[in-house]
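Note that the working numbering has the sequence shown beginning at 76, numbered continuously upward.
To start, the structure under review is shown below, and the notes come after it.
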Amino acid sequence: MMVFVQILPLALIVLIISLYLKSRNKNLSVKPRKPRRKMVRMIFTVYASVLFISMMLYYILPVSADDTLSQRAEEYEGWKVHEKATQNKFDEIDPEFLAEQKEFDYSLTSLVFPESYYENGDPVFVVTIDEKLSNQILMDVYKTPFTLNGLDITDEVKRPEVSITNNLVEVSNVYEQNDLYYIQFTPSIAVEQFLSEERQNLSSGFSYSYGVTVVHLRVPKEVAIIGDVLQFQAQ
76 MMVFVQILPL ALIVLIISLY LKSRNKNLSV KPRKPRRKMV RMIFTVYASV
126 LFISMMLYYI LPVSADDTLS QRAEEYEGWK VHEKATQNKF DEIDPEFLAE
176 QKEFDYSLTS LVFPESYYEN GDPVFVVTID EKLSNQILMD VYKTPFTLNG
226 LDITDEVKRP EVSITNNLVE VSNVYEQNDL YYIQFTPSIA VEQFLSEERQ
276 NLSSGFSYSY GVTVVHLRVP KEVAIIGDVL QFQAQ
């Protein structure tokens, strides 16, 4: 149906040109005359009708504008997760972003974190020194959605996985290639002039938002933290 809406104005233009050429061939031997008002009025009436029908069809067709707005809200919440995590406000983070929780038995005296290249996809590490812990490390992993033009594609993207081996914090999948294929709809001129801002963003331009992965580690006070990571004291 959307293809029909796009083709309709073009078909109308082709029809008008065809009728004009046909009429011109018939009247080559006839003295040129001014366009009839009736013909001009008919052309404008038909074109206006096509514009109106295109507009009505577009708004009748199912378009996920509401879903897109919801995804944008999620995207904004995702960056709020990052902000609150770096301010040690984990109690203010919405539980829906808590992807997993792990416990590690740990009796070593140091914990080494990998170097961050500050690339999109790098997990954000935040360490809380907790005097109440002994011989264990608690890990909370927060993940926010990946979005492409406002649509959630999280399930299609490989996310980094974090584990602890000996005294090393290891991250896997952080730079693996993701093969994503998508089709972008470009509205016709007849439709585009009626689009609201939200619907324009559905069909034009390119917007890709990386999901944020925040890894919060609670470690005993006797464990030395080695690496460039944010550190806080348990409150």
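The C-beta atom is built at its ideal place from N, Cα and C for all residues, glycine as well.
Given the structure is predicted, the values throughout are model-derived calculations rather than measurements.
Item, Value
"S182 vs N242 beta-carbon contact at 8 Å", "no"
"Where I188 sits in the DSSP three-state scheme", "Here residue 188 turns out to be Phe, not Ile, going by the sequence shown. Coil at F188, not helix or strand."
"Extent of the continuous beta strand (DSSP E) to which Y217 belongs", "Q211 to K218"
"Proximity test, H157 beta-carbon vs the ligand FMN heavy atom, cut-off 7 Å", "Within the structure as shown, the ligand FMN is missing, as the structure has no ligands at all."
"Continuous beta strand (DSSP E) stretch holding D180: start and end", "L173 to D180"
"Where A309 sits in the DSSP three-state scheme", "coil"
"Cut-off 6 Å between Cβ atoms - residues of its own chain near V201, not counting five sequence neighbours on either side", "A160, H291 and L305"
"Short Cβ contact (8 Å threshold) for D215 with Q176", "yes"
"Residue interval of the beta strand (DSSP E) (run including F165)", "Unbroken run through F165: none, as it is neither H nor E."
"Run of the beta strand (DSSP E) containing F221, from where it starts to where it stops", "Unbroken run through F221: none, as it is neither H nor E."
"Segment limits, beta strand (DSSP E) that includes I239", "E236 to T240"
"C-beta contact flag for V156 and V289 at 8 Å", "yes"
"DSSP-derived helix/strand/coil call for I118", "helix"
"Contacts around R234, its chain only, beta-carbon distance under 8 Å, and the 5 residues preceding and following it disregarded", "K218, N248, G286 and T288"
"Residue interval of the beta strand (DSSP E) (run including T229)", "Here T229 belongs to no beta strand (DSSP E), and DSSP marks it neither H nor E."
"V89 classed as buried or exposed, judged by whether at least 16 other C-beta atoms fall within 10 angstroms", "exposed"
"DSSP beta-bridge partners of A160", "Answer is none; A160 lacks a bridge partner."
"Beta strand (DSSP E) segment containing L292, residue limits", "T288 to V294"
"Extent of the continuous beta strand (DSSP E) run through E206", "Segment: none, E206 is in no beta strand (DSSP E) and carries neither H nor E."
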